[in-house]
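Asker:
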Amino acid sequence: MNNKMNHPLITVDGRTLMDRPLEPPNFVVDTLISQGLHILAGSPKVGKSWLALWLAVTVAKGEPVWNMTTKQGTTLYLCLEDSVLRIQNRLFEITEDAPSSVHFCTECALIGQGLEEQVDAFLAAHPDTVLVIIDTLQMVRPVHDATYANDYRDLSVLKRLADKHGIAILLIHHLRKEKAEDVFHRISGTTAISGAVDSSFTLVEEKRGSDRARLTCVGRDIEYRELELRRSEENPIRNWANELHAKDTSKKVRAIKKMQAERGERLGGKPPYGYKKKDKDSKEIIPDEETAPIVRRIFDLCAAGKGPNQIARILTQAQVLNPTNQYYQATGAACTNLDTTRPYTWSGRTVAKILENKVYIGHTLNMKKTTLSYKNKKQIQKPESEQILVENTHEPLISMEVWEIVQDVREHKRRPPKHMEEPNLFSGLVYCADCGKYMVLCRTEEMREDQYYFRCSTYSKRGKTACSPHQIREADLKAIVLDDLRRVTHFARMKERQFAQYINQRNTAELRREINRLQRELDSMHRRYDELSVLFKRLYEDNVLGRVSDEQFRMLSADYNAEQKNLSATIPAKEEQLEKLKASAANVDAFIEKAKRYTTIDELTPELLRLFIQRIEVGERSQKYSRSAGQSIRIVYRDIGRVDSPMQEGEHIPHITKQITDIEEIKRLLA
Numbered sequence: 001m002n003n004k005m006n007h008p009l010i011t012v013d014g015r016t017l018m019d020r021p022l023e024p025p026n027f028v029v030d031t032l033i034s035q036g037l038h039i040l041a042g043s044p045k046v047g048k049s050w051l052a053l054w055l056a057v058t059v060a061k062g063e064p065v066w067n068m069t070t071k072q073g074t075t076l077y078l079c080l081e082d083s084v085l086r087i088q089n090r091l092f093e094i095t096e097d098a099p100s101s102v103h104f105c106t107e108c109a110l111i112g113q114g115l116e117e118q119v120d121a122f123l124a125a126h127p128d129t130v131l132v133i134i135d136t137l138q139m140v141r142p143v144h145d146a147t148y149a150n151d152y153r154d155l156s157v158l159k160r161l162a163d164k165h166g167i168a169i170l171l172i173h174h175l176r177k178e179k180a181e182d183v184f185h186r187i188s189g190t191t192a193i194s195g196a197v198d199s200s201f202t203l204v205e206e207k208r209g210s211d212r213a214r215l216t217c218v219g220r221d222i223e224y225r226e227l228e229l230r231r232s233e234e235n236p237i238r239n240w241a242n243e244l245h246a247k248d249t250s251k252k253v254r255a256i257k258k259m260q261a262e263r264g265e266r267l268g269g270k271p272p273y274g275y276k277k278k279d280k281d282s283k284e285i286i287p288d289e290e291t292a293p294i295v296r297r298i299f300d301l302c303a304a305g306k307g308p309n310q311i312a313r314i315l316t317q318a319q320v321l322n323p324t325n326q327y328y329q330a331t332g333a334a335c336t337n338l339d340t341t342r343p344y345t346w347s348g349r350t351v352a353k354i355l356e357n358k359v360y361i362g363h364t365l366n367m368k369k370t371t372l373s374y375k376n377k378k379q380i381q382k383p384e385s386e387q388i389l390v391e392n393t394h395e396p397l398i399s400m401e402v403w404e405i406v407q408d409v410r411e412h413k414r415r416p417p418k419h420m421e422e423p424n425l426f427s428g429l430v431y432c433a434d435c436g437k438y439m440v441l442c443r444t445e446e447m448r449e450d451q452y453y454f455r456c457s458t459y460s461k462r463g464k465t466a467c468s469p470h471q472i473r474e475a476d477l478k479a480i481v482l483d484d485l486r487r488v489t490h491f492a493r494m495k496e497r498q499f500a501q502y503i504n505q506r507n508t509a510e511l512r513r514e515i516n517r518l519q520r521e522l523d524s525m526h527r528r529y530d531e532l533s534v535l536f537k538r539l540y541e542d543n544v545l546g547r548v549s550d551e552q553f554r555m556l557s558a559d560y561n562a563e564q565k566n567l568s569a570t571i572p573a574k575e576e577q578l579e580k581l582k583a584s585a586a587n588v589d590a591f592i593e594k595a596k597r598y599t600t601i602d603e604l605t606p607e608l609l610r611l612f613i614q615r616i617e618v619g620e621r622s623q624k625y626s627r628s629a630g631q632s633i634r635i636v637y638r639d640i641g642r643v644d645s646p647m648q649e650g651e652h653i654p655h656i657t658k659q660i661t662d663i664e665e666i667k668r669l670l671a
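Residue 661 in the working numbering sits at position 661 of the sequence shown, and the numbers go up by one each step.
#1: Check for me: the alpha helix (DSSP H) holding Leu-477 runs from which residue to which?
#2: Give the range of the alpha helix (DSSP H) segment to which Ser-673 is assigned.
#3: Cα-Cα, which of Ser-533, Leu-397, Ala-192 is closest to Pro-293?
#4: Would you check if the distance between the CB atom of Arg-634 and the CB atom of Glu-617 is smaller than 8 Å?
#5: Is it right to say Ser-399 is buried, meaning 16 or more other beta carbons lie within 10 angstroms of its own, or is it exposed?
#6: Quick one, which of Arg-554, Arg-597, His-526, Ala-109 has its alpha-carbon nearest Lys-574's?
#7: In the DSSP assignment, what are the bridge partners of Pro-271?
#8: Take every Cβ of the stretch 442-454, pair it with every Cβ of the stretch 470-486, and state whether three or more of those distances are shorter than 8 Å.
#9: Between the alpha carbons of Thr-190 and Tyr-148, how many angstroms are there, rounded?
#10: What does DSSP give as the partner residue(s) for Met-18 in the beta ladder?
#11: Could you check if Glu-226 belongs to the surroundings of the ligand PLP, using beta carbon to heavy atom distance under 7 Å?
#12: Using 8 Å as the threshold, is the C-beta distance between Ile-722 and Leu-171 below it?
#13: Within a Cβ cutoff of 6 Å, which residues of the same chain sit near Pro-308, ignoring the five residues on either side of it in sequence?
#14: Just reading off the alpha helix (DSSP H) that Leu-123 is part of, what are its end residues?
#15: Kindly indicate which three-state DSSP category Glu-531 falls into: helix, strand or coil?
#16: To the nearest angstrom, how far is it from the Cα of Leu-518 to the Cα of Pro-572?
#17: Kindly indicate which three-state DSSP category Gly-189 falls into: helix, strand or coil?
#18: I need the DSSP call for Ser-549, collapsed to helix, strand or coil.
#19: Skipping 5 residues on each side, what residues in its chain have a beta carbon closer than 8 Å to that of Arg-455?
#20: With a threshold of 16 other CB atoms inside 10 Å of the CB of Phe-92, please say whether the residue is buried or exposed.
#21: Any chance the stretch 480-497 sits against the stretch 545-557, with 3 or more Cβ pairs inside 8 Å?
#22: Using the beta-carbon count (16 or more within 10 Å), is Cys-432 buried or exposed?
#23: Contact defined as beta carbons within less than 8 Å: I believe Gly-42 pairs with Asp-198. What is the distance between those atoms, to the nearest angstrom?
#24: Can you tell which of Pro-272, Val-157, Arg-212, Val-406 has its C-alpha closest to the C-alpha of Ile-298?
#25: Assuming contact is defined by CB atoms lying nearer than 8 Å, are Ser-34 and Thr-74 in contact in what I supplied?
#26: Is it the case that the Cβ atoms of Lys-61 and Val-28 are separated by a distance below 8 Å?
#27: Take the Cβ of Ile-480 as the centre, count every other Cβ of all protein chains shown within 10 Å, and call the residue buried at 16 or more, exposed below.
#28: May I have the straight-line CA-CA distance separating Pro-8 from Ala-192, to the nearest angstrom?
#29: Since I believe Thr-324 is in contact with Leu-338 (beta carbons under 8 Å), could you give me their beta-carbon distance rounded to a whole number of angstroms?
#30: How big is the Cα-Cα spacing for His-185 and Val-204?
#31: Figure out for me which residue from Leu-227, Glu-386, Gln-319 has the closest Cα to the Cα of Pro-343.
#32: Could you check if Glu-290 is buried or exposed, using at least 16 other CB atoms within 10 Å of its CB as the buried criterion?
#33: Mapping DSSP to helix, strand and coil, what is Gln-498?
#34: Rounded to whole angstroms, what's the CA-CA distance from Glu-593 to Leu-321? Just pull it up for me.
#35: Nearest by alpha-carbon distance to Arg-554: which of Leu-539, Lys-565, Gln-564, Ser-568 is it?
#36: Counting only the same chain and skipping the five closest in sequence on each side, list residues whose C-beta sits under 8 Å from that of Ile-10.
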């Protein structure tokens, strides 16, 4: 066979093509069905014919299809598996007024045997035709083997017919019963069917007899989408439309909201307490000169060791308007839980929310909550990993330094006994040097303040077999820490260069060792996580093959799942710890700047401790339970790391006479 052509290829270059104005595709149903050839495939009795009939009537009437506009015109429905009586009965259920522009036919010729001529004749008589539905494809195909070539040839005839007249032809077809990962692979016939059409639609029930189905759409001129449909006895089709539009709109809204969130735009309407809108219609926020000082005061009180409930009582006593009443008086808009009878009553919960809100350090946190679905509007909190944080989007009300102090106080703060309003000055800072657990402050009403003491929490809970007391009086610890803090900050101020040189040399090796240790732990955890996945897969296969009983499978899989769940929770925390450690390379300049701000330190305060000190480790006495034996104290300073305490072994805590410190060592080395 000679396939040679006598004329050359007709081509167009890229620049010409880009400059040439071309008409966009014409849609019969906007964004869903364009001119061309399309196929709707579904399982038997799923409702394909109902959907096709409703589509033919709706387009003929020019009404929206699921809130998508239609191009009104004549429609032809070749209902080749139905009788005229059945079509009439369905019409009565779908509409009260069937238009004369929708035409039905229960018999026609086959493809290549007169069908094309019949359609041509109908279109000549009805030139405004926009849609032809053939129900089903199999009824118009000649009898031959369903090979790729035959499938492609038959559909190509219909494709050319649609393009020739500028109409849409929709073929109703069947799905195979076999399951497939891709639903389009279930379309009966070869892949040539999907390849020859412009769009493919599959209609699949959730389960046999269900009133819910999923319409999956894919095509050359439309976006991929999955739509949930539902039908009812009263109206088999139109209820589907409401479901489809709601879900489709919901997806679009979510996508837009996500893009806005990623740009750092505020999604909420009401500005957070302490801020106001820059102007009426703006999403930009600026500090509110009336309430911003209140926010700063709340953070200062917390940094000083006050808890949310204590701060709430202070604000209530000071007659400060609570956020809902302040917003109501400023704007006239009522918020949820507005109580105008108690305008000055603050709650600990309100204060806690302010202390946890990153908006006050200039960041915007969006997508914190979501709804269960487009049908269920109940809001649920999203995991932190799915929330979107954009930094430095507006002017902060507090510094990062104050924020970190407050978060540290909040993390470690323990409520004092009811008869003791004074909080623990060292809350969350003092740890046992041996077991690593926190030290508890022991005090009673009968004790004098100078008798209060710290004791290892492990020892208090589990006794001397687990750890020793590591006991130290609070008054002694205050004196040691205050003295060491004065010395370190004094030297940092007076000899900046030498201080920086010493700290950098001292911390580099120690930091590297700690980073390497954490990295090894993380690598081991990741390996174990992967091993558990492999083990679970093998266990499942052994259970299916009968090598492992169901009881053994349940027991072992529960253990594997529990271990993997624990690793899933631990690994992110370790990774965060490692990142913080990498970022905590000695920042001597920051420490020196803080030291310059505090030239005179007369007493310890909670905010001062957390500004300079990260951790205090208390060692055991050289002779356990001896009051006169020496005891080592190590202080870890923020930004510069460890600096040994002034107390060395062999010295008596109650009688601080000889003070050998790292500062003296620095002076000796740099003299």
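In this text, a Cβ means the ideal position worked out from N, Cα and C, and glycines have one as well. Just so you know, these numbers come straight off a predicted model, no measurement behind them.
Answerer: Let me spell this out:
#1: Locating residue 477 in the sequence shown gives position 477, counting from the first residue. Per DSSP, Leu-477 belongs to the alpha helix (DSSP H) from 474-494.
#2: Residue 673 lies beyond the stretch modelled for the chain, which goes from 1 to 671, so this question has no answer here.
#3: Here the question's residue 293 lines up with position 293 in the sequence shown. Looking at the Cα atoms, Leu-397 is the closest of the given residues.
#4: If you number the sequence shown from 1, residue 634 lands on position 634. If you number the sequence shown from 1, residue 617 lands on position 617. In this structure, Glu-617 lies closer than 8 Å to Arg-634 by Cβ.
#5: Counting from 1 along the sequence shown, the entry for residue 399 is found at position 399. Result: exposed.
#6: As a first step, residue 574 must be located in the sequence shown, where it is residue number 574. For the residues Arg-554, Arg-597, His-526, Ala-109, the minimum Cα distance to Lys-574 belongs to His-526.
#7: Numbered from 1 along the sequence shown, position 271 holds the residue referred to as residue 271. In the DSSP output, where bridge partners are listed per residue, Pro-271 has none listed.
#8: yes
#9: Within the sequence shown, residue 190 is the residue found at index 190, counting from 1. Within the sequence shown, residue 148 is the residue found at index 148, counting from 1. Between Thr-190 and Tyr-148, the C-alpha separation is close to 6 Å.
#10: In the sequence shown, the residue the question calls residue 18 occupies position 18. Met-18 is not bridged to any residue.
#11: You won't find the ligand PLP in this model; it holds no ligand whatsoever.
#12: A question about residue 722 goes unanswered here, because the residues of the chain that appear run from 1 up to 671.
#13: Start at 1 with the first residue of the sequence shown, and residue 308 comes out as number 308. Closer than 6 Å at Cβ, skipping near neighbours: Gly-348, Val-351, Ala-352.
#14: Start at 1 with the first residue of the sequence shown, and residue 123 comes out as number 123. Note, Leu-123: alpha helix (DSSP H), 115-125.
#15: Sequence index remark: in the sequence shown, residue 531 carries index 531 (1-based). If DSSP states are grouped into helix, strand and coil, Glu-531 belongs with the helices.
#16: Mapped onto the sequence shown, residue 518 falls at position 518. Mapped onto the sequence shown, residue 572 falls at position 572. Near 12 Å, if we compare the C-alpha coordinates of Pro-572 and Leu-518.
#17: On the sequence shown, residue 189 is found 189 positions in, with the first residue counted as 1. DSSP places Gly-189 in coil when its eight states are reduced to three.
#18: Counting from one through the sequence shown, the residue named residue 549 turns up at place 549. Residue state, collapsed to three classes: coil.
#19: Taking the sequence shown and counting its residues from 1, the one referred to as residue 455 is at position 455. Closer than 8 Å at Cβ, skipping near neighbours: Met-439, Val-440, Cys-442, Pro-469, His-470, Gln-471.
#20: For the purposes of this step, residue 92 is taken as the residue at position 92 of the sequence shown. Phe-92 comes out exposed.
#21: no
#22: Locating residue 432 in the sequence shown gives position 432, where the first residue counts as 1. Classification of Cys-432: buried, given that the 10 Å Cβ count is 16 or more.
#23: By 1-based counting over the sequence shown, the position of residue 42 is 42. By 1-based counting over the sequence shown, the position of residue 198 is 198. The pair is not a contact, with the Cβ atoms about 18 Å apart (cut-off 8 Å).
#24: Sequence index remark: in the sequence shown, residue 298 carries index 298 (1-based). For the residues Pro-272, Val-157, Arg-212, Val-406, the minimum Cα distance to Ile-298 belongs to Val-406.
#25: As a working note, residue 34 is residue 34 in the sequence shown. As a working note, residue 74 is residue 74 in the sequence shown. No, these two residues do not count as a Cβ contact at 8 Å.
#26: The residue given as residue 61 occupies position 61 in the sequence shown. The residue given as residue 28 occupies position 28 in the sequence shown. Taking 8 Å as the Cβ cut-off, Lys-61 and Val-28 do not qualify as a contacting pair.
#27: As a first step, residue 480 must be located in the sequence shown, where it is residue number 480. Buried, because 16 or more other Cβ atoms sit within 10 Å of the Cβ of Ile-480.
#28: Here the question's residue 8 lines up with position 8 in the sequence shown. Here the question's residue 192 lines up with position 192 in the sequence shown. One C-alpha to the other measures close to 29 Å.
#29: In the sequence shown, residue 338 corresponds to position 338, counting from 1. In the sequence shown, residue 324 corresponds to position 324, counting from 1. That pair is a contact at about 5 Å.
#30: For the purposes of this step, residue 185 is identified with residue 185 of the sequence shown, where counting begins at 1. For the purposes of this step, residue 204 is identified with residue 204 of the sequence shown, where counting begins at 1. Near 13 Å, if we compare the C-alpha coordinates of Val-204 and His-185.
#31: Within the sequence shown, the letter at position 343 stands for residue 343. With distances taken between Cα atoms, Pro-343 lies closest to Gln-319.
#32: Start at 1 with the first residue of the sequence shown, and residue 290 comes out as number 290. That one is exposed.
#33: Locating residue 498 in the sequence shown gives position 498, counting from the first residue. If DSSP states are grouped into helix, strand and coil, Gln-498 belongs with the helices.
#34: Stepping through the sequence shown from its first residue, residue 593 is reached at position 593. Stepping through the sequence shown from its first residue, residue 321 is reached at position 321. The straight-line gap from Cα to Cα measures roughly 37 Å.
#35: Taking the sequence shown and counting its residues from 1, the one referred to as residue 554 is at position 554. Checking every option, the nearest Cα to that of Arg-554 belongs to Leu-539.
#36: Reading the sequence shown from its first residue, position 10 is the one you call residue 10. Closer than 8 Å at the Cβ level, and outside the excluded window around Ile-10, lies no residue.
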